[in-house]
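Chemist:
2 protein chains.
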Amino acid sequence: MGQEGKTPPARDLPSSARSRLTRRRQIRKTFNNLKITVLCGVVTILVLRGTVGIGSLVGAGGGTDASEASQQKVVEDIDRILREIRSDSDPDDDDQIPFGFNSTAAVLNYTSAEELAAYANYTLGPKISDWDEQRRRWLEENPGFPSRVDNGKPRILLVTGSPPNPCDNAIGDHYLLKGAKNKIDYCRIHGIEIVYNMAHLDRELAGYWAKLPLIRRLMLSHPELEWLWWMDSDALFTDMAFEIPLDRYAAHNLVIHGYPDLLFEKHSWIALNTGSFLLRNCQWSLDLLDAWAPMGPKGPIRDEAGKILTANLQGRPAFEADDQSALIYLLLSQQKRWGDKVYIENSYYLHGFWTGLVDKYEEMMEKYHPGLGDERWPFVTHFVGCKPCGSYGDYPVERCLKSLERAFNFADNQVLRMYGFSHGNLTTPKIKRTMKQTEKPLEVLDQLNPEARIETKG
Amino acid sequence: MGQEGKTPPARDLPSSARSRLTRRRQIRKTFNNLKITVLCGVVTILVLRGTVGIGSLVGAGGGTDASEASQQKVVEDIDRILREIRSDSDPDDDDQIPFGFNSTAAVLNYTSAEELAAYANYTLGPKISDWDEQRRRWLEENPGFPSRVDNGKPRILLVTGSPPNPCDNAIGDHYLLKGAKNKIDYCRIHGIEIVYNMAHLDRELAGYWAKLPLIRRLMLSHPELEWLWWMDSDALFTDMAFEIPLDRYAAHNLVIHGYPDLLFEKHSWIALNTGSFLLRNCQWSLDLLDAWAPMGPKGPIRDEAGKILTANLQGRPAFEADDQSALIYLLLSQQKRWGDKVYIENSYYLHGFWTGLVDKYEEMMEKYHPGLGDERWPFVTHFVGCKPCGSYGDYPVERCLKSLERAFNFADNQVLRMYGFSHGNLTTPKIKRTMKQTEKPLEVLDQLNPEARIETKG
Numbered sequence: 000m001g002q003e004g005k006t007p008p009a010r011d012l013p014s015s016a017r018s019r020l021t022r023r024r025q026i027r028k029t030f031n032n033l034k035i036t037v038l039c040g041v042v043t044i045l046v047l048r049g050t051v052g053i054g055s056l057v058g059a060g061g062g063t064d065a066s067e068a069s070q071q072k073v074v075e076d077i078d079r080i081l082r083e084i085r086s087d088s089d090p091d092d093d094d095q096i097p098f099g100f101n102s103t104a105a106v107l108n109y110t111s112a113e114e115l116a117a118y119a120n121y122t123l124g125p126k127i128s129d130w131d132e133q134r135r136r137w138l139e140e141n142p143g144f145p146s147r148v149d150n151g152k153p154r155i156l157l158v159t160g161s162p163p164n165p166c167d168n169a170i171g172d173h174y175l176l177k178g179a180k181n182k183i184d185y186c187r188i189h190g191i192e193i194v195y196n197m198a199h200l201d202r203e204l205a206g207y208w209a210k211l212p213l214i215r216r217l218m219l220s221h222p223e224l225e226w227l228w229w230m231d232s233d234a235l236f237t238d239m240a241f242e243i244p245l246d247r248y249a250a251h252n253l254v255i256h257g258y259p260d261l262l263f264e265k266h267s268w269i270a271l272n273t274g275s276f277l278l279r280n281c282q283w284s285l286d287l288l289d290a291w292a293p294m295g296p297k298g299p300i301r302d303e304a305g306k307i308l309t310a311n312l313q314g315r316p317a318f319e320a321d322d323q324s325a326l327i328y329l330l331l332s333q334q335k336r337w338g339d340k341v342y343i344e345n346s347y348y349l350h351g352f353w354t355g356l357v358d359k360y361e362e363m364m365e366k367y368h369p370g371l372g373d374e375r376w377p378f379v380t381h382f383v384g385c386k387p388c389g390s391y392g393d394y395p396v397e398r399c400l401k402s403l404e405r406a407f408n409f410a411d412n413q414v415l416r417m418y419g420f421s422h423g424n425l426t427t428p429k430i431k432r433t434m435k436q437t438e439k440p441l442e443v444l445d446q447l448n449p450e451a452r453i454e455t456k457g
Numbered sequence: 000m001g002q003e004g005k006t007p008p009a010r011d012l013p014s015s016a017r018s019r020l021t022r023r024r025q026i027r028k029t030f031n032n033l034k035i036t037v038l039c040g041v042v043t044i045l046v047l048r049g050t051v052g053i054g055s056l057v058g059a060g061g062g063t064d065a066s067e068a069s070q071q072k073v074v075e076d077i078d079r080i081l082r083e084i085r086s087d088s089d090p091d092d093d094d095q096i097p098f099g100f101n102s103t104a105a106v107l108n109y110t111s112a113e114e115l116a117a118y119a120n121y122t123l124g125p126k127i128s129d130w131d132e133q134r135r136r137w138l139e140e141n142p143g144f145p146s147r148v149d150n151g152k153p154r155i156l157l158v159t160g161s162p163p164n165p166c167d168n169a170i171g172d173h174y175l176l177k178g179a180k181n182k183i184d185y186c187r188i189h190g191i192e193i194v195y196n197m198a199h200l201d202r203e204l205a206g207y208w209a210k211l212p213l214i215r216r217l218m219l220s221h222p223e224l225e226w227l228w229w230m231d232s233d234a235l236f237t238d239m240a241f242e243i244p245l246d247r248y249a250a251h252n253l254v255i256h257g258y259p260d261l262l263f264e265k266h267s268w269i270a271l272n273t274g275s276f277l278l279r280n281c282q283w284s285l286d287l288l289d290a291w292a293p294m295g296p297k298g299p300i301r302d303e304a305g306k307i308l309t310a311n312l313q314g315r316p317a318f319e320a321d322d323q324s325a326l327i328y329l330l331l332s333q334q335k336r337w338g339d340k341v342y343i344e345n346s347y348y349l350h351g352f353w354t355g356l357v358d359k360y361e362e363m364m365e366k367y368h369p370g371l372g373d374e375r376w377p378f379v380t381h382f383v384g385c386k387p388c389g390s391y392g393d394y395p396v397e398r399c400l401k402s403l404e405r406a407f408n409f410a411d412n413q414v415l416r417m418y419g420f421s422h423g424n425l426t427t428p429k430i431k432r433t434m435k436q437t438e439k440p441l442e443v444l445d446q447l448n449p450e451a452r453i454e455t456k457g
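Respectively, the protein sequence lines represent chains L and P. Just so it is clear: in the first sequence, position 235 is 234 by numbering that gives the first Met the number 0, and no numbers are missing. Just so it is clear: in the second sequence, position 40 is 39 by numbering that gives the first Met the number 0, and no numbers are missing.
1. From L:Ser15 to P:Val341, what does the alpha carbon distance come to, in whole angstroms?
2. Work out the CA separation of L:Leu425 and L:Arg405 for me, nearest whole Å.
3. What residue range does the alpha helix (DSSP H) around P:Ile170 cover?
4. What did DSSP end up calling L:Pro274 once you bin it into helix, strand or coil?
5. Whole angstroms is fine: what's the gap from L:Lys439's alpha carbon to L:Arg336's?
6. Between the alpha carbons of L:Phe98 and L:Asp289, how many angstroms are there, rounded?
7. Taking the beta strand (DSSP E) that P:Thr380 falls in, what are its first and last residues?
8. Between the alpha carbons of L:Thr427 and P:Thr427, how many angstroms are there, rounded?
9. Looking only at C-alpha atoms, which of P:Pro299, P:Gly171, P:Tyr348 and P:Met434 sits nearest to P:Glu203?
10. Enumerate in chain order the residues of its own chain whose CB-to-CB distance from L:Asp322 is below 6 Å, with the five nearest sequence positions on each side excluded.
11. Output needed for P:Ser275: all residues of its chain with C-beta closer than 6 Å, excluding positions within five of it in sequence on either side, in chain order.
12. Would you say the stretch 147-160 of chain P touches the stretch 211-230 of chain P, given that touching needs at least three Cβ pairs under 8 Å?
13. Rounded C-beta distance between P:Ile243 and P:Gly314? I'm assuming under 8 Å.
14. Kindly list, in the order they appear in chain P, the residues whose Cβ is closer than 7 Å to that of L:Thr433.
15. Our contact map puts L:Ala410 next to L:Thr237 with C-beta atoms below 8 Å; I'd like the distance itself, whole angstroms only.
16. Hey, L:Lys177 and P:Tyr195: beta-carbon distance below 7 Å or not?
17. Mind listing, in chain order, the continuous alpha helix (DSSP H) runs of no fewer than 4 residues lying wholly within the stretch 310-374 of chain P?
18. At the 7 Å Cβ level, is L:Pro333 part of the contact set with chain P, yes or no?
19. Below 8 Å on C-beta distance, what does L:Arg187 contact in chain P?
20. With respect to the beta strand (DSSP E) encompassing P:Ser421, which residues constitute its N-terminal and C-terminal limits?
21. Determine, using beta carbons only, whether L:Phe241 and L:Gly355 come nearer to each other than 7 Å.
22. Using the three-state DSSP reduction, which class does L:Lys401 fall into: helix, strand or coil?
23. Taking only beta-carbon positions, decide if L:Asn430 is within less than 7 Å of chain P.
24. Chain L partners of P:Thr437, CB-CB under 8 Å?
25. Using the beta-carbon count (16 or more within 10 Å), is L:Lys297 buried or exposed?
26. Report the three-state DSSP secondary structure of P:Lys160 (helix, strand or coil).
27. L:Leu123 to L:Pro316, Cα distance in whole Å?
28. Report yes or no: is there a C-beta of chain L within less than 7 Å of the C-beta of P:Leu20?
29. Less than 7 Å between the C-beta atoms of P:Ile191 and P:Leu157, yes or no?
30. Is the Cβ of P:Tyr121 closer than 7 Å to any Cβ of chain L?
31. Looking only at C-alpha atoms, which of P:Asn412, P:Asp445, P:Asn311 and P:Gln446 sits nearest to P:Arg432?
32. Which term fits P:Ser449, buried or exposed, when burial requires 16 or more other beta carbons within 10 angstroms of its beta carbon?
33. So L:Leu235 is in the beta strand (DSSP E); what residue range does that whole segment cover?
34. Would you please verify whether the beta carbon of L:Pro440 is less than 7 Å from any beta carbon of chain P?
35. If the criterion is Cβ atoms closer than 7 Å, does the pair L:Asp172 and P:His173 meet it?
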């Protein structure tokens with residue numbers, strides 16, 4: 000996504016301004032060179048004094064079903080990330096510097112993330128250290144904005160978004176629209192508010208890192224929120240009846256889908272998925288974002304951080320730092336600091352990898368019903384690696400689009416059912432009546448609860 | 000929009016099924032021919048006994064500013080509607096019958112709408128006559144679904160939607176997405192629920208008529224709703240602070256933007272705009288929909304009704320019946336029956352015609368502030384005639400898209416401002432900070448109310 004923040008792209012400017020811009024870029028290049036030199040120094044020192052690093056732990060621990068299942072996913076995911084980079088790379092950005100540092104030797108000990116942060120010299124904003132107190136006081140003074148809504152549910156905001164410009168791939172915008180409609184439906188049914196972001200809040204954190212400044216900004220602007228729920232634009236709700244069991248997370252601040260053994264034993268780079276996660280509005284979360292962000296700044300920092308992540312996370316291909324790997328690395332390298340407040344959820348599909356799910360929808364409709372949220376009726380189907388809005392997916396476009404359409408219609412059937420309609424089958428946008436119209440419509444209303452089974456006959 | 004309802008399109012079928020389908024179509028053609036013959040009969044009789052018709056009233060009454068202003072709009076709108084027909088026409092539909100009847104002679108008296116309805120032999124569903132009582136009882140039995148939400152506001156549902164298939168025009172889906180984001184923003188800020196429909200509930204009422212069966216279905220499925228608010232996909236909220244003054248409409252059931260003199264004196268076909276209107280969930284509204292719908296069924300009925308409308312509404316070009324003209328005709332021909340419950344609103348832009356507004360946004364930002372809703376800061380900017388999702392608009396595509404982008408960013412600035420950001424200018428998706436970050440974010444929160452003036456410096 001092209002995003003120069005406060006600086007307009009050169010092509011929009013008169014030559015005088017363009018030359019000013021070129022000077023600015025040269026200054027930035029020089030500054031970046033400086034940062035890299037310092038960074039090299041640190042890394043070298045760390046390599047020299049490198050003792051027991053993550054490296055030596057890689058591969059430890061016995062494999063479980065979950066981890067075995069994941070091995071094949073690793074392969075599936077490698078291309079994806081590489082492709083994501085390309086489509087996340089900034090066309091306006093002409094100041095990335097080729098970097099000769101060989102990362103394979105980079106074995107850092109568990110304090111390196113903080114050292115990198117120190118040298119990255121990047122922050123999401125002014126350090127806030129008393130947020131819980133600030134927020135508590137504000138909630139007291141503003142009883143009109145309670146952090147718990149009707150029937151005492153904690154107030155949640157679903158946060159999602161897509162690039163400000165049209166998709167590279169024309170059909171992409173159509174599926175972004177269907178993704179938005181799908182989220183509108185789930186959130187209406189469950190009384191959840193939505194922010195759909197189409198702006199780049201921080202030019203340094205473009206691409207998959209953009210969610211960090213956005214989530215932080217929304218936390219600070221909406222003290223009335225108890226939870227912020229990030230969801231990727233390519234993730235669809237496929238269980239319209241399932242509700243997140245928030246009570247289960249009363250003692251936790253981050254809820255994310257993943258597998259503890261993959262994380263702590265295998266150090267797998269896909270042990271967690273950041274396509275759909277919940278973050279509590281509190282000081283702990285602000286601190287996590289501060290510790291998470293420093294690997295994100297575009298250019299040398301992100302590239303160098305990528306080498307550290309690849310060297311330390313199992314199965315990770317060589318590419319710039321991504322938010323998911325960075326979070327996994329952070330939780331591994333500072334487990335004591337963060338671990339006890341992180342809930343790794345896999346009892347339902349807070350994130351569900353699409354390839355294993357989309358072909359089973361008819362079977363699910365035969366055997367089960369909405370409200371289960373797990374492999375029997377997945378809560379979320381996430382189209383990892385399809386990038387319908389990008390130029391490069393690592394699955395055939397036809398397969399991705401057909402599957403997206405199936406997932407959308409599978410979910411839409413659960414909504415249409417409440418109105419007495421259903422898609423003829425999961426591949427068609429056309430709908431048919433599933434219930435005779437009556438002059439006493441309210442008498443049948445109770446039978447139309449979202450948990451009910453879905454009409455399968457096409 | 001192709002939509003065969005319960006019948007799959009021929010191209011999806013084996014030849015055996017296709018021949019069955021052809022037979023069905025022939026039967027339908029014969030039936031349609033029959034309907035037309037009967038209809039011609041009626042019309043002829045009415046023409047013979049035609050006494051004081053609308054025709055003789057057309058042009059009566061003195062013009063006012065509003066009506067003068069509208070004359071030029073009439074011209075602007077003529078192509079639009081003609082183009083809309085083309086892009087609303089059903090590609091699957093091969094059974095429209097060429098029709099030789101000359102409508103120019105069709106001058107009907109004020110009962111013709113009902114006579115047409117009788118002969119159209121079409122209903123939105125089983126007649127419901129005790130809805131107010133059914134609904135009252137349901138609300139008593141379901142205190143968990145009150146028709147008034149927090150601080151006693153009547154519960155509103157915003158209803159919008161777009162075709163189930165991708166737009167003819169690739170960029171169209173991007174602006175449908177921006178339109179959806181714009182509605183998500185307004186509705187979040189004002190606690191209004193949204194239904195975004197992407198299905199054809201009734202194959203007979205495709206195109207601009209689709210809103211009728213949809214609104215009726217939602218009324219009957221959501222007795223907890225007090226108001227349903229229809230808004231076209233090409234209408235954007237451009238005043239994020241303005242709230243509809245619902246108290247003003249306590250005694251009314253339909254709230255629609257328009258000009259009484261244009262309606263009752265000029266019988267102008269653009270006296271009202273159905274791109275954004277409120278309908279109360281009550282028996283009266285169900286009756287209105289029943290009386291409104293019969294001119295809608297695709298094919299001969301809609302074509303013939305169009306001739307009646309063109310013959311009787313000032314400035315209307317010759318084309319099939321559209322929902323807006325049909326409502327105007329209904330209110331004129333049955334003023335006694337409906338008039339006292341219809342509130343014709345023009346004190347703010349419940350619908351605002353884009354051409355007169357989009358070029359004044361900078362001026363508005365200089366002089367005024369959100370929350371006014373009228374020509375100083377229009378509540379809604381409606382891109383009548385642009386059809387970003389269709390093939391044919393009657394304005395240059397570039398002008399439409401540039402203006403859509405400006406309207407979106409003008410509105411988005413009012414949202415971004417709450418987070419300390421703003422678009423560099425109304426033509427760019429890129430944003431800049433308008434407020435320094437602070438470690439005490441809650442201290443500035445009050446200054447960021449949506450009514451505040453918008454940063455204009457680019």
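Note that the Cβ used here is the ideal one computed from N, Cα and C, for glycine as well. Note that this is a predicted model, so its numbers are computed, not measured.
Modeler: Quick look at the numbers:
1. Confidence at L:Ser15 is low in this model, with a pLDDT of 43, below 50, so its placement is unreliable and the value that follows should be read with caution. Looking at the two C-alpha atoms, the distance is approximately 60 Å.
2. Whole-angstrom Cα-Cα distance: 5 Å.
3. It spans Ala169 to Ile188 - the alpha helix (DSSP H) in which P:Ile170 sits, taken as one unbroken run.
4. Rather than Pro, the amino acid found at residue 274 of chain L in this sequence is Gly. In the structure shown, L:Gly274 falls within a strand segment according to DSSP collapsed to helix, strand and coil.
5. Looking at the two C-alpha atoms, the distance is approximately 59 Å.
6. Residue placement at L:Phe98 is flagged as unreliable, the pLDDT there being 26, under the threshold of 50; a coordinate-derived value is accordingly withheld.
7. Val379 to His381 is the span of the beta strand (DSSP E), which, as asked, contains P:Thr380.
8. Cα to Cα, L:Thr427 sits roughly 37 Å from P:Thr427.
9. The candidate whose alpha carbon is nearest that of P:Glu203 is P:Pro299.
10. Tyr207, Trp208 and Thr273, listed in sequence order.
11. Residues Met230, Ala234, Leu349, His350 and Val379 of the same chain have their beta carbon placed closer than 6 Å to that of P:Ser275, with the five preceding and five following residues left out of the count.
12. Of all C-beta pairs linking the stretch 147-160 of chain P to the stretch 211-230 of chain P, three or more are shorter than 8 Å, placing the two stretches in contact.
13. In fact, because the Cβ distance is near 29 Å, the residues do not count as touching under 8 Å.
14. Under the 7 Å cutoff, chain P gives no residues; its nearest Cβ is about 11 Å from L:Thr433.
15. Distance from L:Ala410 to L:Thr237 at the Cβ level is roughly 5 Å; contact confirmed, criterion being Cβ atoms closer than 8 Å.
16. Not in contact: L:Lys177 and P:Tyr195 (Cβ atoms no closer than 7 Å).
17. Listed in chain order, the complete alpha helix (DSSP H) runs (minimum 4 residues) inside the stretch 310-374 of chain P are 322-332, 334-337 and 360-366.
18. Rather than Pro, the amino acid found at residue 333 of chain L in this sequence is Gln. Look at L:Gln333: its C-beta is not under 7 Å from any C-beta on chain P.
19. Going along chain P in sequence order, the residues near L:Arg187 (Cβ under 8 Å) are Glu192, Ile193 and Val194.
20. Bounds of the beta strand (DSSP E) holding P:Ser421 are Phe420 to His422.
21. Not in contact: L:Phe241 and L:Gly355 (Cβ atoms no closer than 7 Å).
22. The answer is helix: DSSP assigns L:Lys401 an H, G or I state.
23. A quick correction: the sequence has Ile, not Asn, at residue 430 of chain L. Output row for L:Ile430: interface = yes.
24. Chain L residues near P:Thr437: Pro125.
25. With 16 or more other Cβ atoms within 10 Å, it is buried.
26. According to the sequence displayed, residue 160 of chain P carries Gly and not Lys. Reduced to three states, the DSSP call for P:Gly160 is strand.
27. Roughly 27 Å separates the two Cα atoms.
28. Unreliable placement is indicated for P:Leu20, whose pLDDT of 45 sits below 50; the coordinate value is still reported in the next sentence. So, not an interface residue.
29. Contact flag set, yes.
30. Output row for P:Tyr121: interface = no.
31. Out of P:Asn412, P:Asp445, P:Asn311 and P:Gln446, P:Asn412 has the C-alpha closest to the C-alpha of P:Arg432.
32. Checking the sequence, you will find Pro at residue 449 of chain P rather than Ser. So P:Pro449 counts as buried.
33. For L:Leu235, the uninterrupted beta strand (DSSP E) segment begins and ends at Ala234 to Phe236.
34. With respect to chain P, the C-beta atom of L:Pro440 has a partner C-beta closer than 7 Å.
35. Closer than 7 Å, so yes.
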